[in-house]
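*Asks:* Structure below; questions to follow.
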Amino acid sequence: MSNNTQQHQQQSEDIERAMGDGSDGDERVLERLPPIDTALDRYPFCIVWTPIPVLTWILPFIGHMGICMSNGIIRDFAGPYLVTEDNMAFGRPTRYMRLHPKNVEGGAYAWDEAVSKASVLYGTRMHNLFCDNCHSHVATALCNMRYKECNSWNMIILCFWLFVCGRYVGICGFIKTWLPFAVLLTLIILLVVYF
Numbered sequence: 001m002s003n004n005t006q007q008h009q010q011q012s013e014d015i016e017r018a019m020g021d022g023s024d025g026d027e028r029v030l031e032r033l034p035p036i037d038t039a040l041d042r043y044p045f046c047i048v049w050t051p052i053p054v055l056t057w058i059l060p061f062i063g064h065m066g067i068c069m070s071n072g073i074i075r076d077f078a079g080p081y082l083v084t085e086d087n088m089a090f091g092r093p094t095r096y097m098r099l100h101p102k103n104v105e106g107g108a109y110a111w112d113e114a115v116s117k118a119s120v121l122y123g124t125r126m127h128n129l130f131c132d133n134c135h136s137h138v139a140t141a142l143c144n145m146r147y148k149e150c151n152s153w154n155m156i157i158l159c160f161w162l163f164v165c166g167r168y169v170g171i172c173g174f175i176k177t178w179l180p181f182a183v184l185l186t187l188i189i190l191l192v193v194y195f
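Under full-length UniProt numbering, the residues of the sequence shown are numbered 1 to 195, in order.
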């Protein structure tokens with residue numbers, strides 16, 4: 001991605017927010033989120049997603065999820081008693097969804113604290129594909145930080161929220177997500193039509 005494109009994308013993610021002691025209501029400061037660096041897999045304040053072979057080929061909205069610290073380091077519940085750091089269980093992220101620390105009381109510090117607490121907790125848990133998995137780890141982090149003043153985040157909400165609102169890392173991320181599903185669907189249609 002060119003430097004101009006990255007700069008334009010960063011500008012589009014800038015947030016205006018009232019600052020100050022409240023005496024001057026017109027004082028505005030442009031708050032910049034740390035930049036996303038897809039080459040180094042740095043996604044500050046993001047939820048990241050990558051496909052799970054075979055499972056995502058059949059159900060493309062199901063994949064492996066992680067949550068990133070304020071510095072962009074990815075934390076994911078990769079297996080029984082294992083929360084990895086910057087080493088997602090099924091490869092590099094193909095999708096991400098940018099969140100904002102302004103929706104967390106305590107900002108970036110509270111964000112990192114909540115992600116760390118969820119990671120410590122899930123480092124003591126057995127992984128279960130259906131009820132205690134990577135999505136649950138991310139939901140626990142969001143509940144810990146009370147993201148958007150909500151403490152009822154769960155894996156179903158996150159699965160569909162990321163599926164609808166997530167951005168692809170690039171064209172390769174889109175292809176890695178959808179090509180196997182498209183090939184499988186084409187094979188099934190051909191088998192039904194011709195046999």
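For each residue, glycine too, the CB sits at the ideal point set by N, CA and C.
Can you pull the DSSP bridge partners for P51?
*Replies:* As a position in the sequence shown, residue 51 is number 51, starting the count at 1. DSSP lists G63 as partners of P51.
*Asks:* Do you know how far the Cα of Y194 is from the Cα of I156?
*Replies:* On the sequence shown, position 156 is the one that residue 156 refers to. On the sequence shown, position 194 is the one that residue 194 refers to. Cα-Cα distance, rounded: 37 Å.
*Asks:* Going by beta carbon distance, what residues of the same chain come within less than 6 Å of residue 200, once the five residues before and after it are set aside?
*Replies:* The chain is shown only over 1 to 195; residue 200 falls outside these bounds and no answer can be derived.
*Asks:* If you reduce the DSSP assignment to three classes, tell me which class I169 lands in.
*Replies:* What you label residue 169 is simply residue 169 of the sequence shown in a count that begins at 1. For the sequence presented, residue 169 should be read as Val rather than Ile. Coil, per DSSP.
*Asks:* Can you tell me whether DSSP reads E105 as helix, strand or coil?
*Replies:* The residue given as residue 105 occupies position 105 in the sequence shown. Correct three-state label for E105: coil.
*Asks:* By how many angstroms is the C-alpha of I58 removed from the C-alpha of P80?
*Replies:* For this step, residue 80 is matched to residue 80 along the sequence shown. For this step, residue 58 is matched to residue 58 along the sequence shown. Straight-line Cα distance between these residues: approximately 24 Å.
*Asks:* I need the straight-line Cα distance from E149 to N103, nearest angstrom please.
*Replies:* In the sequence shown, counting from the first residue as 1, residue 149 sits at position 149. In the sequence shown, counting from the first residue as 1, residue 103 sits at position 103. Whole-angstrom Cα-Cα distance: 7 Å.
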